[in-house]
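Taken in order, these protein sequences are the chains called Y and G.
Residues are numbered in our numbering as their position in the first sequence, beginning at 1, plus a constant of 14.
Residues are numbered in our numbering as their position in the second sequence, beginning at 1, plus a constant of 5.
Single-structure report; data block below.
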Amino acid sequence: MNIAVIDYQGGNVQSVLFALERLGMNATLTSDPEVIRRADRVLFPGEGEASSAMRALRAAGLDKVLPTLTQPFLGICLGMQLLGRHSEEGPAGGTELLGMLPFDVVRFTPPDAAHKVPHMGWNNLHDLQTPLFENLGGGGAGPPAAVPTAADYVYFVHSFYAPVGDYTIAQASYPAGAPFSAGVRYRNFYGVQFHVEKSGPAGEQILKNFLVADLT
Amino acid sequence: MLTKRLIACLDVQNGRTVKGTNFVNLRDAGDPVALAARYAQEGIDELVLLDITATVEKRRTLIELVRNVAREVNIPFTVGGGIGAVADVEALLLSGADKVSLNSSVLREPGLIDELARRFGSQAIVVAVDARQTTEAPATAADEAWEVFTHGGRHPAGREALAWCREAAERGAGEILLTSMSHDGTRDGYALGLTRGVAAGVGIPVIASGGAGVAAHFRDVLLPGGAEAALAASVFHFGDLSVAGLKNYLLTEGVAMRPVG
Numbered sequence: 015m016n017i018a019v020i021d022y023q024g025g026n027v028q029s030v031l032f033a034l035e036r037l038g039m040n041a042t043l044t045s046d047p048e049v050i051r052r053a054d055r056v057l058f059p060g061e062g063e064a065s066s067a068m069r070a071l072r073a074a075g076l077d078k079v080l081p082t083l084t085q086p087f088l089g090i091c092l093g094m095q096l097l098g099r100h101s102e103e104g105p106a107g108g109t110e111l112l113g114m115l116p117f118d119v120v121r122f123t124p125p126d127a128a129h130k131v132p133h134m135g136w137n138n139l140h141d142l143q144t145p146l147f148e149n150l151g152g153g154g155a156g157p158p159a160a161v162p163t164a165a166d167y168v169y170f171v172h173s174f175y176a177p178v179g180d181y182t183i184a185q186a187s188y189p190a191g192a193p194f195s196a197g198v199r200y201r202n203f204y205g206v207q208f209h210v211e212k213s214g215p216a217g218e219q220i221l222k223n224f225l226v227a228d229l230t
Numbered sequence: 006m007l008t009k010r011l012i013a014c015l016d017v018q019n020g021r022t023v024k025g026t027n028f029v030n031l032r033d034a035g036d037p038v039a040l041a042a043r044y045a046q047e048g049i050d051e052l053v054l055l056d057i058t059a060t061v062e063k064r065r066t067l068i069e070l071v072r073n074v075a076r077e078v079n080i081p082f083t084v085g086g087g088i089g090a091v092a093d094v095e096a097l098l099l100s101g102a103d104k105v106s107l108n109s110s111v112l113r114e115p116g117l118i119d120e121l122a123r124r125f126g127s128q129a130i131v132v133a134v135d136a137r138q139t140t141e142a143p144a145t146a147a148d149e150a151w152e153v154f155t156h157g158g159r160h161p162a163g164r165e166a167l168a169w170c171r172e173a174a175e176r177g178a179g180e181i182l183l184t185s186m187s188h189d190g191t192r193d194g195y196a197l198g199l200t201r202g203v204a205a206g207v208g209i210p211v212i213a214s215g216g217a218g219v220a221a222h223f224r225d226v227l228l229p230g231g232a233e234a235a236l237a238a239s240v241f242h243f244g245d246l247s248v249a250g251l252k253n254y255l256l257t258e259g260v261a262m263r264p265v266g
C-alpha cells in the first residue's frame, strides 16, 4: 500500500510516521502533488496555528491539490480543522480554510475557571459512525457511556473546534454535555480532531481502520 | 468527559535514566525508552523526560533519545531540562516530542515564550515553574509565600509564583508544570495551597509536581487541589504505586480517569 503523509511544515509529522511504522507500514513524506495523487491513502497532519498552516499550504500549491483528491484522506488535529470553510483562529477576521467540508471552526469559550483552554488530555468518543471507528471495543457507537472503557479514550490538544453537524462522524464533549466534532467526513475526506498517532491502543485501531477499512 | 492525567517523570542523563527503579521484568531499567514503553503499556496518560545532562554532547543525545521514545511510545510526551534555544525546541519537536518544557531560559528571557508559542503553537510549550514556600511557619495556606527558584531550588528568580504563572499563560504557554521544591522528595503530599491558587488563577492546564507518596495525595491534588494532571517519579519507579492500582483507586474516589484495560 502506498501511503502519503503531507509535508508542509505543519508540525509533528514524525509522530505520524512512527505510528504508521508501529503498524508495520512505510509512508512517503511528501509535498509533491503527483506523489500525493498516486497514493492509496493520504494523511494530513497539522499542529500550530491555522493562518500559518494555510500560508504554507498555499506556498506549496497544495491548497489547490488537496480538494481534488479522491482516495481516502485523513486530516489530523489542525489538519482536520483545515478541511472546513473558516476558522476564528488567525489575525483579525480569522482564516479562510480549504473548504472541503461545510463547517466553521470556533474557539472554546469555557463556562468557568475550572474549564481550561486548550482542551488537553484524554476524552471519550461517542456517537461514532463509519468504519473508521469500528472494532474499538468501547461503548462509542451510542451516546456518551456512563462508564467509558479505555477503548473509548483518545488524546486531544486544541483550543478551537468544529461544531457538530451533518458531517460529524464522531463526537466528544467539552465541557461535559457540550459535544463537538471529534471526527468529520465528506465523501473521501475524513478528519479527526484528536491525535490518532498519540492515542494509545484506541488510536492505533483507528489508524489501522483508516488503512484497511472500506471508506469510500 | 475530559479526564485528569497521571504523568510519570523520567530523569535522564547522557541518554540513561538516573534514578534507580526496582521494576521486575524490565531487562534494562536504565534505558529510558524501555521504561517509557513500559509505562505507556501500563496505562500512564503522559510522560515527561527531564534531561539533566550538562555536557556539550547534550543536544545530540537528547534528540536521539526523543526519536527513540517517539518511535516506541504511542502516548504524548514532554521533554525538558536546560532547553533554551529556538533551534533546539524545533529539533526536539521535529524529532517527535509533543511538548517542550522550559524553565530558566524563559525566566531569563520571558519574550521567548511568545516567540515559541507563535512559532510552534501554545500546545507545544510548557512552562516549568519551581516554587518554594518562603514564609517561616505560615499559620494557613493564605500566609504562604511562594517564590520561583532555579538551579534545583538554589537560586531565587525574584518572582512570585502565581504572578509568573499568569505571565507565562498570557505570553502563550499552553500548560504550567508546577513543582513545589518545598514538597519534592518528601512523599508527604503535593503543595495543595500553591496548586489551588495557580490552577484557579490561570486559564491553562496545570500539572502538579512534588511530594507524591500515597494514592490519596493524587486525589487531593486533582480534586480539591484543582490540578489537571499530577506528575510523579519515584512512587512509580520504585513500584510503591502501580498505574492500574492508582487509577482504580482514583476512579472509586470520583476522579475522572482514563481507565486501564
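All C-beta atoms, glycine included, are put in the ideal place defined by N, C-alpha and C.
About 7 angstroms separates the CB atoms of Gly266/G and Thr163/Y; that is less than 8 angstroms, so the two are in contact. Under the Cβ criterion (8 angstroms, minimum of three pairs), the region 80-93 of chain G counts as touching the region 49-67 of chain G. Its Cα nearest to that of Arg72/Y, the residue Pro47/Y stands out among Val56/Y, Pro47/Y, Thr84/Y and Ala216/Y. Per DSSP, reduced to three states, the secondary structure at Asp77/Y is helical. Interface with chain Y (8 angstroms Cβ-Cβ cutoff): Pro264/G is included.
The three-state reading of DSSP puts Leu183/G in strand, counting E and B together. DSSP, read as helix, strand or coil, puts Gln128/G in helix. Using a CB distance below 9 angstroms, no part of the region 141-174 of chain G faces chain Y. The continuous alpha helix (DSSP H) containing Ser29/Y extends over residues Val27 to Arg36. DSSP, reduced to helix, strand and coil, places Phe208/Y outside both helices and strands of the structure shown, so it counts as coil.
Residue nearest to Arg164/G within the set Arg176/G, Asp135/G and Gly250/G is Asp135/G (criterion: CA-CA distance). Around Thr163/Y, the beta-carbon contacts reaching into chain G at under 8 angstroms are Pro264 and Gly266. From the listed residues Leu139/Y, Thr144/Y, Ser66/Y and Pro145/Y, the smallest Cα separation to Gly152/Y is found for Leu139/Y.
Using beta-carbon distances, Ala192/Y does not count as an interface residue toward chain G, since no partner is under 8 angstroms.
Chain G places no beta carbon closer than 8 angstroms to that of Met94/Y, leaving this residue out of the contacts. Within its own chain, the residues whose Cβ lies closer than 6 angstroms to the Cβ of Asp189/G, once the five positions on either side in sequence are excluded, are Gly215, listed in chain order. Residue burial is scored here from C-beta neighbours: His133/Y has at least 16 other C-beta atoms within 10 angstroms and is therefore classed as buried. Burial check for Arg43/G: the Cβ neighbour count within 10 Å reaches 16 or more, so the residue is buried. The C-alpha of Asp193/G lies about 6 angstroms from the C-alpha of Gly218/G. For Arg55/Y, the enclosing beta strand (DSSP E) stretches over residues Arg55 to Phe58. Taking the Cα positions, Gly179/Y is about 32 angstroms away from Arg124/G.
For a Cβ distance threshold of 9 angstroms, residue set Lys130, Met134 and Gly135 of chain Y lies close to Glu233/G, ordered along the chain. Scanning Val71/G, Leu15/G and Ala92/G for the CA closest to the CA of Phe241/G turns up Leu15/G.
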